[in-house]
Every structure is written in C-alpha cells, then in structure tokens.
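Peer 1:
Number of protein chains: 2
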Amino acid sequence: MIDMNRRGLAIAAGSAITMAAMGLPVMAATPERKLGYAIVGLGGYGLGVIIPQFKNCQHSKLVALVSGDPLKAKKVAAEYGVPERSIYNYQNFDAIKDNPDIDIVYVCLPVSMHAEYTIRAAAAGKHVMCEKPMAVSSAECEAMIAACKKAGKKLMIGYRCHFEPHNLEAIRLARSGAIGKLRYFRSEHGFTTGNPNAWRLKKAMSGGGSLMDIGIYALNAARYMTGEEPVAVYAKETTDRNDPRFREVEDMIEFQLEFPSGVIGSCMSMYSANQNHILLMGDKGRIDMEPGTRYDGNKLWVGQDRSTQVTPPPGPGLTQWAAQLDHLSQCVINNREPIVAGEEGLRDIRLIEAIYRSAREQKRIALV
Amino acid sequence: MIDMNRRGLAIAAGSAITMAAMGLPVMAATPERKLGYAIVGLGGYGLGVIIPQFKNCQHSKLVALVSGDPLKAKKVAAEYGVPERSIYNYQNFDAIKDNPDIDIVYVCLPVSMHAEYTIRAAAAGKHVMCEKPMAVSSAECEAMIAACKKAGKKLMIGYRCHFEPHNLEAIRLARSGAIGKLRYFRSEHGFTTGNPNAWRLKKAMSGGGSLMDIGIYALNAARYMTGEEPVAVYAKETTDRNDPRFREVEDMIEFQLEFPSGVIGSCMSMYSANQNHILLMGDKGRIDMEPGTRYDGNKLWVGQDRSTQVTPPPGPGLTQWAAQLDHLSQCVINNREPIVAGEEGLRDIRLIEAIYRSAREQKRIALV
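Going line by line, the protein sequences match chains B and P. The numbers in UniProt numbering rise by one with no breaks, and the one at position 67 of the first sequence is 67. The numbers in UniProt numbering rise by one with no breaks, and the one at position 331 of the second sequence is 331.
1) Per DSSP, which one or two residues make a beta bridge with residue 171 of chain B?
2) Does chain B have any CB closer than 8 Å to the CB of residue 268 of chain P?
3) Give the interface partners of residue 264 of chain B over in chain P, defined as CB-CB distance under 8 Å, in chain order.
4) Can you name the residues of chain B whose CB is closer than 8 Å to the CB of residue 282 of chain P?
5) Hey, quick one: how far does the beta strand (DSSP E) through residue 81 of chain P stretch, first residue to last?
6) Which residue wins for smallest C-alpha separation from residue 109 of chain B, given the options B:233, B:183 and B:205?
7) Which same chain residues end up closer than 6 Å to residue 281 of chain B when comparing Cβ atoms and leaving out the 5 residues on each side of it in sequence?
8) Less than 6 Å between C-beta atoms, sequence neighbours within five positions excluded: which residues of the same chain meet that for residue 355 of chain B?
9) Distance, Cα to Cα, residue 197 of chain B vs residue 293 of chain P?
10) Would residue 21 of chain B pass as an interface residue toward chain P - the criterion being a Cβ-Cβ separation below 8 Å?
11) Tell me the rounded alpha-carbon separation between residue 176 of chain B and residue 169 of chain B.
12) Give every residue of the same chain whose Cβ lies closer than 8 Å to the Cβ of residue 2 of chain B, excluding the five residues on either side of it in the sequence, and list them in chain order.
13) Measuring only the C-alpha atoms, how far is residue 21 of chain P from residue 167 of chain P?
14) Taking Cβ-Cβ distances shorter than 8 Å, what residues in chain B pair up with residue 116 of chain P?
15) Report the rounded CA-to-CA distance for residue 225 of chain B versus residue 51 of chain B, giving the unit in angstroms.
16) Would you grab the beta carbon distance between residue 34 of chain B and residue 61 of chain B for me? Rounded to a whole angstrom, and I think it's under 8 Å.
17) Going by other Cβ atoms of all chains shown within 10 Å of its Cβ, with 16 needed for buried, is residue 247 of chain P buried or exposed?
18) Rank P:257, P:208, P:75 and P:116 by C-alpha distance to the C-alpha of residue 187 of chain P and give the top, closest one.
19) For a contact defined as C-beta to C-beta under 8 Å, what are the partners of residue 363 of chain B on chain P?
20) Starting from residue 258 of chain P, find everything on chain B with Cβ-Cβ shorter than 7 Å and list it in chain order.
21) Using a beta-carbon distance cut-off of less than 7 Å, what residues from the segment 298 to 313 of chain P approach chain B?
22) Leaving aside the five residues before and after residue 245 of chain B along the sequence, list all residues of the same chain whose C-beta is less than 6 Å from its C-beta, in chain order.
23) For a cutoff of 8 Å on Cβ pairs, would you count residue 183 of chain B as touching chain P?
24) So does residue 159 of chain B have its beta carbon nearer than 7 Å to some heavy atom of the ligand PLP?
25) Is the segment 131 to 151 of chain P in contact with the segment 330 to 349 of chain P, if contact means three or more CB pairs nearer than 8 Å?
26) Please list the segments of the beta strand (DSSP E) lying wholly inside the segment 34 to 82 of chain P, counting only runs of 3 or more residues, in order along the chain.
27) What are the boundary residues of the beta strand (DSSP E) that residue 348 of chain P is part of?
28) Determine the burial state of residue 288 of chain P: buried for a count of at least 16 other Cβ atoms within 10 Å of its Cβ, exposed for fewer.
29) Can you tell which of P:53, P:117, P:65 and P:120 has the C-alpha that lies nearest to the C-alpha of residue 323 of chain P?
30) Name the DSSP bridge partner or partners of residue 276 of chain B?
31) By alpha-carbon positions, which one of P:64, P:157 and P:221 ends up nearest to residue 81 of chain P?
32) Considering just the uninterrupted stretch of the beta strand (DSSP E) at residue 258 of chain P, what are its terminal residues?
33) Please state whether the Cβ-Cβ distance between residue 106 of chain P and residue 129 of chain P is less than 8 Å.
34) Measuring CA to CA, which of P:315, P:259 and P:237 is closest to residue 360 of chain P?
35) Measure the beta-carbon distance from residue 304 of chain P to residue 334 of chain B and round it to whole angstroms, keeping in mind my assumption that it falls under 8 Å.
36) Is the separation between the beta-carbon of residue 340 of chain P and that of residue 178 of chain P shorter than 8 Å?
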C-alpha cells in the first residue's frame, strides 16, 4: 500500500487540485451556517443512509421529514430532534413553503416520484437534492430543470461517487497522465435482487431495471473517469422473463460507449449477480477499482496490475454523503452551480434512453 | 490458496474428468512410441517456445527443421540432435514426403503462410499442427481442412490454453455449476507492440491486428468457458492510424458476443497496452483469471471475489505445450480427432471475420 502523499504524487487532502479534478469549486469555509434539509421518503436510503449522515456535516442539518407513515415519521423525528411541526406527508407537502427552517428538499423516493416532488419543492421555494437516477425519462428531467430554473433554485443529483475519495483519486490519476493516453474503460455493476415485489422491479415506479438502478454507476463512472461524453452507444439485454423478479424490468444489459477521443467504454449491469468493478486502461498502465463504488471498502490500484494499491487522500467531507450534502449547502450559500446539477442527471438519462433503444432495436445509436 | 484436491471438489490430476471437461479423449498410454515432429519456422515461437518443449513430451520428439536460414537451422539441429539430412528449406520442403522420421509438421510461420504449408504438408503425407490463428481467411481454413481430409491426415490448431491447468480447472468449475447459471463472460487481452516492422503489423502476413494475434485468446476463451457458440457479434475498433505501428492493422477492438443461453460475452484486444484477464460470472459467483492465458504465472480465483485462490490440479502434460504436442501424437497413434481440430480454428476465423465486418459496418452481425 502506498500513501500517495508520501510519494510526491499527491496533493493536500481536499485541496483545490482534487476539487478541480471533479470540477468542484473551491469555496470559502462558512462554518457558522448550516442549511436545513427536509428528507422526502423514509425508505432504506433516506432513513438508513442519508439521515444518519447529518452528524458528519459542516453546513447541513436535518430539519424536516416527509413521509406517508406518520408513526414512523414521529419516531424518526424524535430520534433526530426534528420538531413535530416539521413533519409532512404527501398531501400537505406543499406547506413546506411556509417553513423557513427548510432550505433544501432531498428527494429519496422511488424514481417515478422524483419529478413530481422536485417540481413541487421548487414551487415551494426550496432548493432540491434528488436521488439518481434523476427521473424515469429525459422529458421529466427537462421539466425538473426548468422548474428549478424558473423558481431560481438549485438542483443537484445524488451522485455520491463524485465525493468519494477513491473515485476522486482515480479521476485525479487519470487526468494527471499517470496511466498515459486513455484507451479503454470497463465497469460492471450488479447485485442480486431478492424480493420480486420491491419497487425497483416495478417498471412504473423504477422506470427500468438494473441499468437505471445500478448500471448508472458504470455509466456515470465511464463519463467521470474519461472526462468525455459518449458519441454512440450499443447495447444487448438478456433477461429471463420467467424469473418472477424480471417480469417488468431487465436483468442484465451490456452496453458499449464510443468516446470522441477513441476511448471505448464497455459496461454491464445486472440484477442476478454481485459485481462492482471499474477499470480504466491507458497506454502506460491502468487504474483498477474493486469494489469501486460501494458505501465503504472501495479499493484502488494503479500500475500494470494489482501490485500497487493506493490509499487516497481524505475526500472533501468526513464521508461521501456528508460531502455531497455540504456541497449543495455551500452552492446555495455561495450561489454556485453544483458539480452534479440536474444537467448531469439528464445526460445519464438521455444515455440510458439511447442504451435501451439500442438494445430494443439491436443497432448502434449515434448521439447528437 | 486452496488446493482443490483437498476440498473434495477436485479430481485426480489429468484424470478422465478433467479431460472430459475439454472433450479430451482418454487414451491408453503408449509410452514406448514417440512421433516425429518437423518444426516449420525458426522464429520466436517455433524456436523459442516449441522446440525446447520436446524434452517434456512422452509421445513426441523433434526430428526435422524447416527454415529459410541454413546457418540457423544447422546450429539448432546440432543443439537438438536433429540430423543434417532432416533440415529443409522452403524450396525443398515437399521432400519431407520421403523422410519416414517425420510424422507431424508443426507450422510456426506468419499467418499468411499457414495455409500453404499445411496443404503442402498434407500432400506430403504428414499430419499437421498449425499455429493459431489458423489462417488469414475462412476460405483458407476450409482449404486446409479439405487438404488434410483428402490426404487422410490429422489437422490440429495450436490452442495451447486447452491444455493449460488453470484454464482446464476453470472450465471444469464452470461446467460443474460451481458459479451457478452462467450469465456473463468478459476477457481483455492486450500487449504493447514495439517494432513497427514486425510481421504481425503487416496485414499481408498477419491477416489483421490485435484481434488475430491476441484477441483470439479472448474469443476462444469465450467459447470454451461458456461451452457455447455465439449467435451474433457486435464490434467497435479504435486505431490511431498516425501511429507507425498501426498503418496496416487495428490496435484496439472491443467485441460483444451473444450466446444462445443468454450469456453475453464482452471482449477486448489491443496492441497498445498490457492486459490479460478472463472473467466468467454466474448467478452464484464468478471465475476470475488474471493473468489467464500467459505462458506461466496464471492465477485463478473462484467465488464472490478474489478471497479464494485456486491451485489447479496438474494438467495433462508436464507443460501446456508438451500436452498439446503429445495430444496430437496420441490422436495419430489412436486415430482420434484432436480436441482443437481444424474446425475449431475455422470457427474462430469465421467469428473474427464477422467481428471485423461488424466494426466496419457499425452493426450487429447475426451468425448463421
């Protein structure tokens, strides 16, 4: 294991160089001010992952909850010190406009509800963090962007890997020329789904299968690792429609991305096996991450093989989620655009639509 | 590291089960008889790799040399105990028909010469081992198969990995259900070419670029690891034609294979970076080899990640090359067809032609 800081290759933790690698604006610290977040949706991600992260934030605090389950909401509110008056449901949601504690609404709902609650939040005068995938269609994404723009509010998509130290270091290494001229990107992302009744397996709620849910990590990584936008896609889907889990959405999809520089991206997502791998090859070596985008335990190697493991410098926050939450708070405070604004989510959804179309039509789709 | 033999999962070294996994016929040992090989071409592979292997063989011996360089041939003959009367050149090659010491001709020439020397060897009444790729076109492959058939002689292609212990064990594990239902195969094979004047970079001699030379390992592995034949291919090529190495042949090509069971294969070959990786994913785990097809140092893992490394049982010979050479000798002795006969080489060349066509036409090619 090499601490890159000790090899003269690296940079100060969370420094301007790391930030610049992701396009993160360097902002003045404003330790005295914490913006208030309302969490919409107390499911596995909102309640299990996001809410416990506010204790790690410098500029963000939990101030409100939106849930269809009043008992659950009351219990969570008590646990996290949210006043009862700041508990909302899906009917009285729009009343958040009268709650000055709420600066930002974080939409942690099934994908089909992202557009509605983003647009209602913006109409209520709140900034929005929306989970990825941004929405079930590019048309919805465009409507969300337009609504936030019209309201003069920020819109950020929950791409946590843009704040994760291994991914940030991998990007820095790729941009620094550490592996030479980039040639090839590959990423496989998959996990084994269990419950056939989960919302992610219902197309009306999820918008699609593994590609929307987990393949988006491979797709987004292809873009941030190469720093390029695909000009064409080709995809092949394989799904066992007799499997009760996959009556509505796809299981496995393999998609190829053509980048302007000649880099080829090869990505796969699936719901029927576990895999989490990112590889970027240049003509001088490779950057290898396995796992690459997990909540924790990510590993990074650089060189010809896995003999040199890299410990990245600390990321911009105590955790990837704290950094993500604080980034939007700081963008609001300093009136800057988030590095993963609505347009970033829209780009992925447009690509996902092209990938699905390619798989359906069995042909290469050139992108405008 | 696990010795599979100690886990009750494995089998006697070189046993009928391993052989059956590759379709290797189990043959009676005939230790008393060694067939005589003539090596055609004293280049890096014939001289550097194959000739030193006869000392590891049970059923094969070196008896003749064919070379355009008489001084080199004389020196090699002296070193390996080949009589001077058994040195041939490309003009008097056909005189091998009068040399009863020669049973088998091993064609280790540039690809463009494979067909001619295979056909001439068969016409001279000799069995043939021909290096892969089999020839520059499927038409040539068909002519080679026809010539050997007409002469009543065996034709085998030098697919050494079919005799390599890690690959054999990987195949056995895949067929045994160790990773469940197969879903996805991926292989990247590449190395950095140096000399722009090497014959492999001259299309007239090589027939193509990285796909013919090193990508064929990924392609062949996709077939032997899944045990299936592709029904469609799609490919994308990226080559910097300003690079003096790549004026005539392709550098990088990424190709996707569709298999009848729904398995998707994703393969890449390149001449501008080093990579040697094979991954087979099932719904219960994965088989991972890196490197997977090298001369030595191959590594094999099975399970959810790389925590369980597998030491395969010994292969069918002292080395993969000794096993390959002895396999053809035994096929001749016992009048059996080689497990990698001419038809196996033809299958790969037909696929390679389809892959090149797909890359050229930018569309999916369905295979008949």
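Idealized CB from N, CA, C, for every residue including glycine. Keep in mind it's a predicted model, so treat the numbers as computed, not measured.
Peer 2: According to the structure data:
1) What you label residue 171 of chain B is simply residue 171 of the first sequence in a count that begins at 1. Answer is none; residue 171 of chain B lacks a bridge partner.
2) By 1-based counting over the second sequence, the position of residue 268 of chain P is 268. Yes, contact with chain B.
3) Along the first sequence, read from residue 1 onward, the residue named residue 264 of chain B stands at position 264. 236, 238, 252, 254 and 268, listed in chain order.
4) In the second sequence, residue 282 of chain P corresponds to position 282, counting from 1. Residues of chain B passing the Cβ test: 273.
5) Looking up residue 81 of chain P in the second sequence gives position 81. Element bounds for residue 81 of chain P: n/a, residue is neither H nor E.
6) Stepping through the first sequence from its first residue, residue 109 of chain B is reached at position 109. When each option's Cα is compared against that of residue 109 of chain B, the closest is B:205.
7) Taking the first sequence and counting its residues from 1, one reaches residue 281 of chain B at position 281. Taken in chain order, the residues that qualify are 183 and 184.
8) Numbered from 1 along the first sequence, position 355 holds the residue referred to as residue 355 of chain B. Contacts found: 233, 235 and 255.
9) If you number the first sequence from 1, residue 197 of chain B lands on position 197. If you number the second sequence from 1, residue 293 of chain P lands on position 293. Taking the straight line from one Cα to the other gives about 43 Å.
10) Taking the first residue of the first sequence as 1, we reach residue 21 of chain B at position 21. Because residue 21 of chain B sits at a pLDDT of 48, beneath the cut-off of 50, its placement in the model cannot be relied upon, and the point is left open.
11) Position 176 of the first sequence holds residue 176 of chain B. Position 169 of the first sequence holds residue 169 of chain B. When rounded, the distance between both Cα atoms is 10 Å.
12) For this step, residue 2 of chain B is matched to residue 2 along the first sequence. Here the model assigns residue 2 of chain B a pLDDT of 38, short of 50, so the residue's position is not dependable and the matter cannot be decided.
13) Along the second sequence, one-based indexing puts residue 21 of chain P at 21. Along the second sequence, one-based indexing puts residue 167 of chain P at 167. Because residue 21 of chain P sits at a pLDDT of 48, beneath the cut-off of 50, its placement in the model cannot be relied upon, and the following sentence gives the value as read from the coordinates. Each residue's Cα considered, the two are about 10 Å apart.
14) Numbered from its first residue, the second sequence carries residue 116 of chain P at position 116. One finds nothing in chain B with a Cβ atom closer than 8 Å to the Cβ of residue 116 of chain P; even the nearest lies about 35 Å away.
15) On the first sequence, residue 225 of chain B is found 225 positions in, with the first residue counted as 1. On the first sequence, residue 51 of chain B is found 51 positions in, with the first residue counted as 1. For residue 225 of chain B and residue 51 of chain B, the gap between their C-alpha atoms comes out near 29 Å.
16) The count along the first sequence starts at 1 and reaches residue 34 of chain B at position 34. The count along the first sequence starts at 1 and reaches residue 61 of chain B at position 61. Between residue 61 of chain B and residue 34 of chain B the Cβ distance is about 4 Å, and since that is below 8 Å, they are a contact.
17) As a first step, residue 247 of chain P is located in the second sequence; it is residue number 247 there, counting from the start. Exposed, by the Cβ-count rule.
18) Position 187 of the second sequence, counting from 1, holds the residue named residue 187 of chain P. Among P:257, P:208, P:75 and P:116, the Cα nearest to that of residue 187 of chain P belongs to P:257.
19) Locating residue 363 of chain B in the first sequence gives position 363, counting from the first residue. Near residue 363 of chain B (Cβ distances below 8 Å), the residues of chain P are 363 and 364.
20) Taking the second sequence and counting its residues from 1, one reaches residue 258 of chain P at position 258. Those within 7 Å of residue 258 of chain P in chain B are 236.
21) 304
22) What you label residue 245 of chain B is simply residue 245 of the first sequence in a count that begins at 1. Answer for residue 245 of chain B: 193, 196 and 201, listed in chain order.
23) Residue 183 of chain B sits at position 183 when you count from the first residue of the first sequence. It does; some Cβ of chain P falls within 8 Å.
24) Absence of the ligand PLP from the depicted structure is noted, as is the absence of any ligand whatsoever, leaving it without description.
25) A contact exists between the segment 131 to 151 of chain P and the segment 330 to 349 of chain P.
26) 35 to 40 and 60 to 66
27) Counting from 1 along the second sequence, the entry for residue 348 of chain P is found at position 348. Looking at the DSSP string, residue 348 of chain P is not in any beta strand (DSSP E); the run it does join, the alpha helix (DSSP H), is 342 to 361.
28) As a first step, residue 288 of chain P is located in the second sequence; it is residue number 288 there, counting from the start. Burial call: buried.
29) For the purposes of this step, residue 323 of chain P is identified with residue 323 of the second sequence, where counting begins at 1. The candidate whose alpha carbon is nearest that of residue 323 of chain P is P:53.
30) Residue 276 of chain B sits at position 276 when you count from the first residue of the first sequence. Answer is B:189, bridged to residue 276 of chain B.
31) For the purposes of this step, residue 81 of chain P is taken as residue 81 along the second sequence, with counting starting at 1. The residue with the shortest Cα to Cα distance from residue 81 of chain P is P:64.
32) Walking along the second sequence from the start, residue 258 of chain P turns up at place 258. Counting along the chain, the beta strand (DSSP E) containing residue 258 of chain P begins and ends at 252 to 258.
33) For this step, residue 106 of chain P is matched to residue 106 along the second sequence. For this step, residue 129 of chain P is matched to residue 129 along the second sequence. Their beta carbons are under 8 Å apart, which means residue 106 of chain P touches residue 129 of chain P by this criterion.
34) For the purposes of this step, residue 360 of chain P is taken as the residue at position 360 of the second sequence. Nearest of P:315, P:259 and P:237 to residue 360 of chain P, Cα basis: P:237.
35) Residue numbering aside, residue 304 of chain P sits at position 304 when the second sequence is read from its first letter. Residue numbering aside, residue 334 of chain B sits at position 334 when the first sequence is read from its first letter. 44 Å between Cβ atoms; not a contact.
36) Stepping through the second sequence from its first residue, residue 340 of chain P is reached at position 340. Stepping through the second sequence from its first residue, residue 178 of chain P is reached at position 178. Not in contact: residue 340 of chain P and residue 178 of chain P (Cβ atoms no closer than 8 Å).
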